[in-house]
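A quick write-up on the structure given underneath.
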Amino acid sequence: MRKPCCDKQGNNKGAWSVQEDQKLIDYIKTHGEGCWRSLPMAAGLHRCGKSCRLRWINYLRPDIKRGNFGQDEEDLIIKLHALLGNRWSLIAGRLPGRTDNEVKNYWNSHLKKKLINMGIDPNNHRLNQILPRPQSEPAPVLATSATTGSKNTITTSKPEKSSNDDNDRVSDTASCLEDDYKSLVKQQVATSGSSNINLDLTIAAPASPGHKTSFGNEQQNCNWGKTCQVESEPTSLPTLILFR
DNA sequence: AACCGCACCAACCGCCTCATC
DNA sequence: CGATGAGGCGGTTGGTGCGGT
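Just so you know, we're using full-length UniProt numbering here: the first sequence kicks off at 1 and counts up by one.
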């Protein structure tokens, strides 16, 4: 068993003070990110490196966009969650200025409930058949098969952890869905016009500098490493349907 | 005014992956 | 090639604020 990295006595825990924030900002401005383990001592912080990293990435980074999520961001999160499951860092990488923690919190506190209210299972993005839905509600995302009874519904998101260990990774299904996603992107571009949301699924440096994703580590015999360009006509109707 | 429940979100914890030795 | 360290990720927790009773 490995010892925890933050077991050092005397390290601060809990909320960060303004002074601590300033020390961290000053240090990173001067020396840049990296070497989180040695950063606290160098910066004069009584924190573990992990805590410093989290604080910087989730709160102090200058390019962080704070405030409410826009409707386009919401939609994108839902779509990406359908594709990727709880891969928050990947999803956040598609949302400029948003952090994985923020996306995760927003999902858990807002979007999950929203989907449930719409009669959609947030775990698999499928329509709950028994749940009645007000007529005035907009038609939810849904796979064509969910309403037709076809078995072609693609279950993309990561199900509960207990169900299957393989589901804890970017599934082959997800990579197979890339084409569906391309279609969705194409639709989105056609219907909503310009957007500054980065819909590209390139597995590269995300929106913010220094924010690495783990995608490079998860190529898994697929072409995630390539820029996903919308270049071919969809050969079939996309399984996932846009909200709007 | 006091209490309670809920929602939100910052931060922590444990595990995983990758790099290095 | 296994052991170890560091960084990163996702799940969970705890503090705080707010609205309802």
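We put the CB at the ideal spot given by N, CA and C, even for glycine.
- Linking ARG66 to ARG98 through their CA atoms gives a straight-line distance of about 8 Å.
- Residue pairing of ILE120 in beta bridges, as defined by DSSP: LEU127.
- Out of ALA43, ASP72, ASP21, the CA that lies nearest to the CA of HIS31 is found in ALA43.
- Contact between CYS52 and ASN11 fails: their C-beta atoms lie close to 11 Å from each other, not under 8 Å.
- Distances from the CA of LYS23 to each of HIS46, ASP75, ASN58 were compared; the closest alpha carbon is that of HIS46.
- If you look at TRP88, you'll find it in the alpha helix (DSSP H) that goes 88 to 93.
- Between ASP75 and the set ASN86, SER109, LEU115, the nearest pair of CA atoms involves LEU115.
- Between the beta-carbon of ASN86 and that of ASN58 there is about 17 Å, and that puts the pair past the 8 Å contact cut.
- The shortest CA-to-CA distance from LEU83 to any of ASN124, ARG61, LYS113 is the one to ASN124.
- Exclusion of the five residues before and after ARG37 leaves GLY49 as the residues of its chain whose Cβ lies within less than 6 Å of its Cβ.
- DSSP places ALA82 in the uninterrupted alpha helix (DSSP H) bounded by 71 to 84.
- Nearest in C-alpha terms to ILE120, of all of TRP88, ASP21, ASN105, ILE78, is ILE78.
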